[in-house]
Amino acid sequence: MNRDRGSKPLYQIKIAKERINILFCEAEKIVSRDSALADRYAQLARKIGMRFNVRMPRELRRRFCRKCFSYLKPGVTCRQRTKAGKIQITCLKCGHINRYPMKKQA
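Below, the structure is given as structure tokens:
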């Protein structure tokens with residue numbers, strides 16, 4: 003059978019997911035020494051995800067700024083606060099504020 007037009011083989015999608023995880027792990031290791039390189043790793047991971055149409059997990063999506071696409075690490079490249087049941091993450095490079103709802107405690 004023919005594949006859908008534009009879809010990638012499953013082995014390529016699997017490799018893309020592995021590369022995204024590796025890039026984010028490397029960015030986590032190097033962000034305190036060289037934030038520009040960590041930003042580049044985050045941009046590469048994002049582009050790989052877009053090229054292969056791979057949905058990134060929530061934890062990884064929240065690790066880069068939606069405006070300038072720089073890598074976010076609390077205390078180093080971003081400020082993290084809790085306000086009114088939301089987590090507020092402020093990028094220290096561009097000043098963009100991301101707000102995410104907190105889960106309610108049962």
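In terms of the numbering used here, the sequence shown opens at residue 3 and continues consecutively. Glycine residues also receive a C-beta, built at the ideal position from the N, C-alpha and C atoms.
- In the same chain as Val-33, and ignoring 5 residues on each side of it, the C-beta atoms closer than 7 Å to its own belong to Ala-40, Tyr-73, Lys-75, Val-78 and Thr-79, in chain order.
- Per DSSP, reduced to three states, the secondary structure at Asn-100 is strand.
- For Cys-70, no alpha helix (DSSP H) encloses it, and the DSSP letter there is neither H nor E.
- The beta carbon of Lys-88 sits closer than 8 Å to the beta carbons of Arg-101, Tyr-102, Pro-103 and Met-104 from its chain, once the five residues preceding and following it are set aside; these are given in chain order.
- The residues Tyr-43, in chain order, have a CB closer than 6 Å to that of Glu-28 in the same chain once the five nearest residues on each side in sequence are set aside.
- Bounds of the alpha helix (DSSP H) holding Arg-53 are 37 to 53.
- DSSP places Gln-107 in the coil class of the three-state scheme, outside both helix and strand.
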